[in-house]
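The structure appears below as structure tokens.
Chains as they are written, first to last, in my numbering: chain H, 1 to 211; chain A, 1 to 231.
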């Protein structure tokens with residue numbers, strides 16, 4: 001799956017920020033260098049960005065820049081991309097729409113979903129992932145359990161590498177795989193890939209909701 | 001900032017007079033007079049160089065005063081600096097407030113909050129800065145320029161006494177792309193200029209100008225295409 005890109009010009013038009021702001025945020029390390037993708041187009045070289053990541057990030061910056069200085073914000077955003085050091089209580093997860101009540105009741109670390117229970121990032125991130133898939137109607141609650149288990153077991157081994165999570169079915173059987181990207185996968189005809197999610201993108205989304 | 005982790009420790013000073021090589025390291029203040037090399041990375045609170053010096057590594061300093069010729073064989077980070085003469089950085093240059101009078105070259109990108117320069121410069125990468133004031137004495141080049149505010153002016157040659165250091169071309173700024181909020185250009189050649197408020201002054205030769213708020217064009221400026229964007 002190709003990441004959707006957005007050109008610098010479109011980005012500025014869409015978000016209403018100026019060139020000066022964009023360059024300033026780059027200088028302050030609010031926008032990582034890797035997101036500036038140079039490509040040649042018919043009008044010469046242009047800069048592109050991964051669309052979802054950059055839009056999410058700019059939204060965070062605009063919303064938070066009144067409360068935090070740019071330097072403080074840079075510090076928050078620059079934590080290890082895949083395993084940020086974040087904690088949230090069950091209550092917060094619900095309030096900020098990170099995890100729905102159904103998922104929390106069923107797969108939460110404390111049964112009966114006490115609102116005060118504290119979740120670390122590796123604990124609530126799998127819940128967020130399946131919540132997304134459940135909301136999209138792509139998997140069933142049982143299959144969600146499989147995903148949570150896989151993510152919990154494999155999380156440490158990923159060591160912050162960018163990975164995709166694939167969920168696929170064949171003849172009614174469902175299974176999931178975590179692959180480090182970039183990788184191309186080819187399946188036999190009977191396989192239906194239900195979902196392919198970039199864990200890095202999802203991490204960014206969660207960070208955006210929590211900061 | 002430099003040295004904050006060493007608050008309790010008293011850092012040594014490095015002083016060079018005459019012709020001498022010195023080792024790199026972490027210093028409180030570095031004073032170099034004469035000719036020589038520093039054979040390694042230098043981190044210091046203040047860095048003063050008079051004469052001709054090379055730093056064979058990265059340079060990281062909070063305050064820099066430099067007169068003469070200085071070459072840095074790595075990245076340089078200079079929070080506050082005033083440079084008279086020639087400065088060559090073979091890596092990246094980062095800083096807060098810099099004033100450079102003379103000729104300077106940076107092989108990679110430049111990230112500076114505010115810079116004022118008179119003379120000529122060659123930046124192979126991107127010049128990313130907040131406020132930029134350029135007074136041209138000679139041909140200056142940058143790969144790309146991305147700024148909040150940029151002002152380019154040409155100074156009369158007579159004020160300049162180090163002319164021989166500068167390639168004898170017309171004082172002119174060349175860049176592929178210039179992007180910024182407030183752009184006020186003179187004697188500039190660029191493929192594309194994109195900005196909010198753009199002033200294209202005399203001697204400019206611009207392939208395409210894209211602007212949002214306003215475009216002021218000098219009758220002697222050459223502009224290929226003009227485009228007004230957005231509202």
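Glycine included, C-beta positions come from ideal geometry on N, C-alpha and C.
The model shown is predicted, which means the values in this text are computed figures rather than measured ones.
When DSSP states are grouped into helix, strand and coil, residue 141 of chain A belongs to the strand group.
According to the DSSP assignment, residue 224 of chain A belongs to the beta strand (DSSP E) that extends over 222-228. Flagged as an interface residue toward chain H: residue 181 of chain A, by a C-beta distance shorter than 8 Å. Of the candidates A:135, A:199, A:108, A:85, the residue whose Cα lies closest to the Cα of residue 117 of chain A is A:135.
Look at residue 197 of chain A: its C-beta is not under 8 Å from any C-beta on chain H. At least 8 Å separates the CB of residue 119 of chain H from every CB of chain A. Within chain H, no residue has its beta carbon less than 9 Å from that of residue 143 of chain A; the closest one is some 10 Å off.
In this model, residue 25 of chain H and residue 68 of chain H are separated by some 14 Å (Cα to Cα). Measuring C-alpha to C-alpha distances from residue 90 of chain A to each of A:220, A:73, A:211, A:99 identifies A:73 as the nearest. Between residue 142 of chain A and residue 181 of chain A, the beta carbon gap of about 17 Å keeps them out of contact (Cβ cut-off 8 Å). Cβ-Cβ distances below 7 Å link residue 70 of chain H to 28, 30 in the same chain, with the five nearest sequence neighbours on each side left out; the list follows chain order.
Just so you know, the alpha carbons of residue 202 of chain H and residue 161 of chain H end up roughly 13 Å apart. Assignment of residue 33 of chain A by DSSP, reduced to helix, strand and coil, places it in the strand class. For residue 198 of chain H, none of the residues of chain A pass the 7 Å Cβ criterion, the least Cβ distance being about 28 Å. Contact annotation, residue 56 of chain A with residue 38 of chain A: C-beta distance approximately 7 Å; criterion of less than 8 Å satisfied.
When C-alpha distances from residue 62 of chain H are compared across H:32, H:18, H:91, the shortest belongs to H:18. Not a single CB atom of chain A sits nearer than 8 Å to the CB of residue 10 of chain H. By the rule that beta-carbons nearer than 8 Å mark a contact, residue 145 of chain H does not touch chain A. Residue environment: residue 17 of chain A is assigned as exposed (fewer than 16 neighbouring CB atoms within 10 Å of its CB, all protein chains considered).
For the stretch 121-152 of chain A, the beta-carbon criterion of a distance under 7 Å to any beta-carbon of chain H is satisfied by 128, 130, 146, 147, 148.
In the DSSP assignment, the residues bridged to residue 64 of chain A are A:47, A:81.
For residue 230 of chain A, the chain H residues whose Cβ falls inside 9 Å of its Cβ are 12, 13, 16, in order along the chain.
Around the Cβ of residue 120 of chain H, a 10 Å sphere holds fewer than 16 other Cβ atoms; the residue is exposed. Listed along chain H, no residue sits closer than 9 Å to residue 186 of chain A by beta-carbon distance, the nearest being about 20 Å off. Taking the Cβ atoms as the reference, residue 40 of chain A lies roughly 18 Å from residue 52 of chain A, outside the contact range of under 8 Å.
Secondary structure of residue 23 of chain H (DSSP, three-state): helix. Contact between residue 114 of chain A and residue 97 of chain A holds: CB atoms are separated by about 5 Å, below the 8 Å threshold. Residue pairing by DSSP places residue 167 of chain H opposite H:176, H:195 in a beta bridge.
Spatial neighbours of residue 130 of chain A in its own chain (CB-CB distance under 8 Å, excluding positions within 5 residues in sequence) are listed in chain order as 112, 113, 114, 147, 148, 149.
Among the residues of the stretch 21-51 of chain H, those with a Cβ less than 7 Å away from any Cβ of chain A are 23, 24, 26, 27, 44, in the order of the chain. Look at residue 131 of chain H here: in three-state DSSP terms it is helix. DSSP places residue 6 of chain H in the strand class (E or B) of the three-state scheme. The Cβ-Cβ distance between residue 35 of chain H and residue 12 of chain H does not fall below 8 Å. Listed along chain H is no residue with a C-beta nearer than 9 Å to that of residue 90 of chain A; the closest approach is about 19 Å.
When beta bridges are read from the DSSP output, residue 123 of chain A appears opposite A:106, A:142. Under the DSSP definition of a beta bridge, residue 86 of chain A partners with A:69, A:103.
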